[in-house]
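Since the structure comes first, as structure tokens, the remarks are kept for the end.
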């Protein structure tokens, strides 16, 4: 006997096929793998951040991007989604685009990486280090960054540095042979006096020097004198009149406490101060610690403590 399919069977077939396509589309749209393991990353950070001693760890992981939120939450993401986990011990700073901080995080001792700053008496090396950390925190916190293949985590403890504020000193040609208006160009003039103006803490011994071609002969000569700047605002004058006058331009310098020399060359200006020492102001490391929660100060030792993270 012949069995005939119902006339509407093809409608049913099309409907089932369409439903299959929709279901298949939903299945294809589902994640095919897990998001990154943020808990493992946070645990690795905690092992270092929670240590009372200097410590470091390298944590291998799989993620496309990383973000630290307020230094206390690590967030990882890949094509399958985001995952986050809280950091239990303190907070950390993610370092990017700062080679020197990356070197310290990778194991270079702080004293080696910042040796040039620590050797200077007019720069607080610890403050320069903490300033970079504050800048990194401002640049990276709350932002997505490439995760790389591993996290390098290191806690760093650095002692306070000792630096001395430096004075600001200017030099000014205050007198010349004859009248300034009588001669053009300035090289036709001969200086007979240079005043050194000082702005500092006071009590600084100094050697004042001026060099140039003398009015009385073709050779270059140098005149110097010792002085002590007693007050916060003080001055002294180096004089060389008559045949000892120096034809402009001249070079001048000042040496403070046999430690630092500031100079200016080819001075041609008259009664116009030229800066020799710029009076660099010492940066205060406590200010960076106060504005960066991730930097802690040990109340007993005064050391600064911070945990740094680099994604490579």
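In full-length UniProt numbering, the protein residues as written are 1 to 312. Yeah, the Cβ is synthetic: ideal placement off N, Cα and C, and Gly gets one too.
Please classify residue i: is it buried, with 16 or more other beta-carbons within 10 angstroms of its beta-carbon, or exposed?
i	result
residue 312	exposed
residue 265	exposed
residue 228	exposed
residue 105	buried
residue 214	buried
residue 203	exposed
residue 162	exposed
residue 232	exposed
residue 60	exposed
residue 138	exposed
residue 217	exposed
residue 290	exposed
residue 241	exposed
Look at the alpha carbon of residue i and the alpha carbon of residue j, and state the distance between them as a whole number of angstroms.
i	j	result
residue 235	residue 110	40 Å
residue 309	residue 79	23 Å
residue 132	residue 307	13 Å
residue 288	residue 206	33 Å
residue 150	residue 298	30 Å
residue 81	residue 72	20 Å
residue 98	residue 136	8 Å
residue 63	residue 85	14 Å
residue 292	residue 301	19 Å
residue 255	residue 262	6 Å
residue 142	residue 237	57 Å
residue 65	residue 273	54 Å
residue 279	residue 74	43 Å
residue 305	residue 33	39 Å
residue 208	residue 197	11 Å
residue 107	residue 267	47 Å
For residue i, which residues of its own chain have a beta-carbon under 7 Å away from its beta-carbon, when the five flanking residues on both sides are left out?
i	result
residue 259	121
residue 57	44, 47, 48 and 153
residue 230	202 and 203
residue 176	189, 190, 191, 192 and 270
residue 39	85
Can you name the residues that DSSP bridges to residue i?
i	result
residue 260	256
residue 214	246
residue 60	150
residue 172	195
residue 209	224 and 253
residue 155	55 and 307
residue 68	74
residue 82	77
residue 275	170
residue 296	305
residue 204	229
residue 145	66
residue 190	247
By Cβ distance, which residues of its chain are closer than 8 Å to residue i, with the 5 residues on each side in sequence left out?
i	result
residue 212	191, 220, 221, 246, 247, 248, 249, 250 and 251
residue 55	47, 48, 154 and 155
residue 27	The pLDDT assigned to residue 27 is 45, lower than 50, so where the model puts this residue is not dependable; a value taken from the coordinates is nonetheless given after this. Here the set comprises nothing.
Ordered along the chain, which non-local residues of its own chain (more than five positions away) have a Cβ less than 6 Å from that of residue i?
i	result
residue 96	140 and 145
residue 127	283 and 285
residue 303	157 and 159
Can the beta-carbon of residue i be found closer than 8 Å to that of residue j?
i	j	result
residue 243	residue 223	no
residue 165	residue 239	no
residue 199	residue 167	yes
residue 174	residue 195	yes
residue 76	residue 147	yes
residue 103	residue 113	yes
residue 37	residue 83	yes
residue 382	residue 295	No answer is possible for residue 382: the residues shown for the chain start at 1 and end at 312.
residue 169	residue 276	yes
Is it the case that the CB of residue i approaches a heavy atom of the ligand ZN more closely than 7 Å?
i	result
residue 62	In the structure on display, the ligand ZN does not appear, and there are no ligands present to speak of.
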